[in-house]
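Trainee: Using my numbering, read the sequence shown as starting at 303 and increasing by one per residue. My questions all concern the structure below.
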Amino acid sequence: MAWRQEPGVQPTPDTDERIRELLRRRTPDEHALEVLGPLGLERAARYLSLMLRWNQKMNLTSITKPPEVVERHFWEAWAAYPFLLDKGPLLDLGSGAGFPGVPLAILRPDLETVLLERRERRTVFLRETLRVCGLDHVRVEPHDLADHVATTGAHHYAMVAVRAVKLAVAELLPLLLSEGPVRLFAWTNVERGRALEQEVPTGWDTLHWSRLHPSRDRALIVLERSAARGATPPLPPSSSPGTSPRPSAKRPTSPSRQSATPPSAPSKTSKTRRK
């Protein structure tokens, strides 16, 4: 199937195949490829190819070597897969080039996902990505956080993902549903990840904490409020959040996924607290 893209950024068949092979070789284990499936692999290859070409014209990412892009963008995002709830919606706050929201949406075609990005050129890229990859369950919101909350209202999301967005946990809580289980995902450096644990509010637990790579200063932390816990505090009427900037139960099998086995994270180090 030919890709419909902007003139001057057409991929070549040879490049596409090299990218697909790179994604295959860089998988942490065979189970990850089973979850991704042929359709997911094709979507990931299209996304990576498109991003590398657009990055030549605009600064989407400072990481330009394809193997590093796969390891530091795709697999860091996919490390959160085992901890996604069965139902969304999921908000990727400050999506930028689409990480972690697009890789997670590729693995979860059943999960309603919102990419919040205020920079116009990046929203153009994100919309083209969704079209090229056929991700109909994802939408782009071209606003900062305050405007988005004003439009959608508070307590709208079951999950919020942040990467390179420097907001306190308390600023993110009003985005989450006031009832039922909710989760907050943060990709950050190790020092900030440890600090986030100290910000866990009453009624919340640290579900997961791991260093994503033994030689890189990157960590993933997952905070959870279970359905039995207290509700998320309401958004104060005189203020709004700062501007933008249990492993999951078995879910129904999706036609685009060949297996329900979650992919492994790049790192073996993990910490999980029991409720």
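All C-beta atoms in this analysis are idealised placements derived from N, C-alpha and C, irrespective of residue type, glycine included.
#1: Excluding the 5 residues flanking S397 on each side, which residues of the same chain have their C-beta closer than 7 Å to its C-beta?
#2: Just to confirm my understanding: we take L477, look at its own chain, exclude 5 residues before and 5 after, and list those with CB closer than 6 Å. What are they?
#3: Which two residues bound the contiguous beta strand (DSSP E) that contains V440?
#4: So, at 8 Å on beta carbons, what are the nonlocal neighbours of T366 in its own chain, with the 5 sequence-adjacent residues on each side left out?
#5: Taking one C-beta from the segment 434-445 and one from the segment 462-474 each time, how about it: are there three or more such pairs within less than 8 Å?
#6: Would you kindly report the start and end of the unbroken beta strand (DSSP E) that includes F602?
#7: Closer than 7 Å by C-beta to L387: which residues in its own chain qualify, once you throw out the five before and the five after it? Chain order, please.
#8: Quick one: what's got a C-beta closer than 7 Å to F376's C-beta in the same chain, skipping five residues either side?
#9: Are the beta-carbon atoms belonging to R374 and C435 less than 9 Å from one another?
#10: Need the endpoints of the beta strand (DSSP E) that W511 sits in, please.
#11: Could you check the C-alpha separation between L537 and P503 for me, to the nearest Å?
#12: With L523 as the anchor, note down where its beta strand (DSSP E) starts and where it stops.
#13: Using DSSP bridges, identify the partner residues of V416.
#14: Smallest Cα separation from T454: which of L335, P391, L341, L325?
#15: Sort V464, R326, E344, V371 by Cα distance to V524 and report the nearest one.
#16: Suppose the cutoff is 7 Å on Cβ atoms and the five residues either side in sequence are ignored; what does the same chain contact list for R320 look like?
#17: Would you tell me roughly how many angstroms separate the C-alpha atoms of V371 and A488, rounded to the nearest one?
#18: According to DSSP, R465 sits in a beta bridge with which residue or residues?
#19: For a minimum of 4 consecutive residues, which ranges assigned as the alpha helix (DSSP H) are wholly contained in the segment 330-401?
#20: With a threshold of 16 other CB atoms inside 10 Å of the CB of A304, please say whether the residue is buried or exposed.
#21: I need the DSSP call for L479, collapsed to helix, strand or coil.
#22: Taking all protein chains shown into account, decide if E526 is buried (16 or more other Cβ within 10 angstroms of its Cβ) or exposed.
Mentor: Inspection of the coordinates gives the following:
#1: Start at 1 with the first residue of the sequence shown, and residue 397 comes out as number 95. For S397, where only same-chain residues beyond five positions count, the Cβ hits under 7 Å are G403, L417, L418, E419, L428.
#2: In the sequence shown, the residue the question calls residue 477 occupies position 175. The residues are Y459, V462.
#3: The count along the sequence shown starts at 1 and reaches residue 440 at position 138. That run of the beta strand (DSSP E) goes 440-443.
#4: In the sequence shown, counting from the first residue as 1, residue 366 sits at position 64. Only L354, N357 meet the Cβ criterion.
#5: no
#6: As displayed, the chain neither begins before 303 nor continues past 577, which places residue 602 out of reach and without an answer.
#7: To locate residue 387, count along the sequence shown from 1; it is residue 85. Here the set comprises A460, M461, P483, R485, S550.
#8: Translated into positions along the sequence shown, residue 376 becomes position 74. Cβ neighbours of F376 beyond the five flanking positions: A346, P405.
#9: Along the sequence shown, read from residue 1 onward, the residue named residue 374 stands at position 72. Along the sequence shown, read from residue 1 onward, the residue named residue 435 stands at position 133. No, they are not a contact pair.
#10: Position 209 of the sequence shown, counting from 1, holds the residue named residue 511. Counting along the chain, the beta strand (DSSP E) containing W511 begins and ends at 507-513.
#11: The residue labelled residue 537 in the question sits at position 235 within the sequence shown. The residue labelled residue 503 in the question sits at position 201 within the sequence shown. Residue placement at L537 is poorly supported in this model, since its pLDDT is 45, which falls under 50; the coordinates are not used for a value here.
#12: If you number the sequence shown from 1, residue 523 lands on position 221. In the sequence on display, residue 523 carries Ile and not Leu. Unbroken beta strand (DSSP E) run through I523: 521-527.
#13: Counting from one through the sequence shown, the residue named residue 416 turns up at place 114. Paired residue(s): L393, R441.
#14: Sequence index remark: in the sequence shown, residue 454 carries index 152 (1-based). When each option's Cα is compared against that of T454, the closest is P391.
#15: Looking up residue 524 in the sequence shown gives position 222. The candidate whose alpha carbon is nearest that of V524 is V464.
#16: In the sequence shown, residue 320 corresponds to position 18, counting from 1. Correct list: empty, nothing qualifies.
#17: Reading the sequence shown from its first residue, position 69 is the one you call residue 371. Reading the sequence shown from its first residue, position 186 is the one you call residue 488. So the alpha carbons of these two residues sit roughly 19 Å apart.
#18: Here the question's residue 465 lines up with position 163 in the sequence shown. Answer is W489.
#19: 332-356, 368-371, 377-380
#20: Start at 1 with the first residue of the sequence shown, and residue 304 comes out as number 2. Any reading at A304 must be qualified, since the residue scores a pLDDT of 33, below 50, and its modelled position is unreliable; the value itself is stated next. Exposed, by the Cβ-count rule.
#21: On the sequence shown, position 177 is the one that residue 479 refers to. L479: coil per DSSP, three-state reduction.
#22: Along the sequence shown, one-based indexing puts residue 526 at 224. Per the 10 Å Cβ criterion, buried.
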